[in-house]
Amino acid sequence: DTGVSQDPRHKITKRGQNVTFRCDPISEHNRLYWYRQTLGQGPEFLTYFQNEAQLEKSRLLSDRFSAERPKGSFSTLEIQRTEQGDSAMYLCASSLSRGAGEQYFGPGTRLTVT
Amino acid sequence: LAKTTQPISMDSYEGQEVNITCSHNNIATNDYITWYQQFPSQGPRFIIQGYKTKVTNEVASLFIPADRKSSTLSLPRVSLSDTAVYYCLVGLLIYNQGGKLIFGQGTELSVKP
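Protein chains in written order, with the numbering used here: chain A, 23 to 136; chain B, -5 to 107.
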């Protein structure tokens, strides 16, 4: 399968702990995006990269959140000092820069903060 | 980015054609209209994108009137597996422009046998 993959698929953590998620995009895609989705809502944009450069960050991305894409391939999203409000599905997507409207999403990582 | 308005939910039966309309009164000249589909516990999936008139692919058709203030996603002969949430997005999302997708609440389509 050459689609977008995310790891882990599920994560349960206690409030105050740090968590890190990984996303592997489609190999030829130079853009990578992170979104967050809560129950009953559409996905909310968090940040995106073109190659290794982080081009845009949402105001939703507080200081506790950091994303990296060190070599322009996979990306990690870290949440420090998790809070219960961080519980959500974290979705990763990738695309070609010339077709940013057609993004390919991974299955997501469901985070539960207890 | 232009705000979109679409019905919260729709019901249909297998074999029927389903039309989901999206309003986007403030669409800008360079904006494109894009539709995504999302099944429970999965990421959204691109369905179709268009700028004006009609676009058709193997999954759906997209109808856009001349004033572009609305658009209609048409799903021919739906099946139970088309039960999903459908999102209408508007923005400069083509070529090297744009980047982030702005999702609304979407339309929850329920297809019944």
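Glycine included, every Cβ here is placed at the ideal spot set by N, Cα and C.
Predicted, not measured: the structure shown is a model, and the values here were computed from it.
| Check | Outcome |
| --- | --- |
| Quick test of the definition: if touching needs 3 or more C-beta pairs under 8 angstroms, does the region 106 to 125 of chain A touch the region 45 to 55 of chain A? | yes |
| Ignore the nearest five residues each way along the sequence and tell me which others in residue 134 of chain A's own chain have a CB closer than 6 angstroms to its CB. | 34 and 109 |
| When you compare only the Cα positions, how much space is there between residue 79 of chain A and residue 9 of chain B? | 43 angstroms |
| Using Cβ-Cβ distances below 9 angstroms, what residues of the region 113 to 131 of chain A are close to chain B? | 113, 114, 115, 117, 119, 120, 121, 122, 123, 124, 125, 126, 127, 128, 129 and 130 |
| Can you tell me where the beta strand (DSSP E) holding residue 44 of chain B begins and where it ends? | 39 to 44 |
| Out of B/69, B/63, B/107 and B/39, point me to the one whose CA is closest to residue 50 of chain B's CA. | B/69 |
| Name, going along the chain, the residues of the region 54 to 70 of chain A whose beta-carbon falls closer than 8 angstroms to a beta-carbon of chain B. | 55, 57, 62, 63, 64, 65, 66, 67 and 70 |
| Given that residue 97 of chain B touches chain A, what residues does it touch there, using C-beta distances under 9 angstroms? | 57, 59, 63, 64, 65, 66 and 67 |
| What is the residue span of the beta strand (DSSP E) that residue 48 of chain B lies within? | 47 to 50 |
| When you compare only the Cα positions, how much space is there between residue 106 of chain B and residue 66 of chain B? | 21 angstroms |
| Rank B/1, B/33 and B/96 by C-alpha distance to the C-alpha of residue 129 of chain A and give the top, closest one. | B/33 |
| Quick check: is the beta carbon of residue 175 of chain B nearer than 8 angstroms to any beta carbon in chain A? | Only positions -5 to 107 of chain B appear in this structure, which leaves residue 175 of chain B out of reach. |
| Just to make sure I have the definition right: I need the residues of chain A whose C-beta is within less than 8 angstroms of the C-beta of residue 40 of chain B. Which are they? | 123, 124, 125 and 126 |
| Please give the ranges of any alpha helix (DSSP H) in the region 38 to 114 of chain A, keeping only runs that are unbroken, at least 4 residues long and fully inside the region. | none |
| Taking the continuous beta strand (DSSP E) assigned at residue 13 of chain B, which residues delimit it? | 12 to 17 |
| Run the CB neighbour count on residue 104 of chain B, radius 10 Å, all protein chains shown included, and call it buried at 16 or more, exposed below. | exposed |
| Classify residue 73 of chain B as helix, strand or coil using the three-state DSSP reduction. | coil |
| Residues of chain B with CB closer than 9 angstroms to the CB of residue 77 of chain A, please, in chain order. | 93 |
| Taking the alpha carbon of residue 17 of chain B as the point to measure from, which residue in B/73, B/39, B/71 and B/28 has its own alpha carbon closest? | B/28 |
| On the three-state DSSP scale, how would you describe residue 31 of chain A? | coil |
| Return the residue from the list A/36, A/42, A/24 and A/31 that minimises the CA-CA distance to residue 90 of chain A. | A/42 |
| Just mark residue 85 of chain A as buried or exposed, buried being the case when its beta carbon has 16 or more other beta carbons within 10 Å. | exposed |
| Tell me whether the beta-carbon of residue 77 of chain A lies closer than 8 angstroms to the beta-carbon of residue 93 of chain B. | yes |
| Looking only at DSSP bridge pairs, what is residue 78 of chain B linked to? | B/103 |
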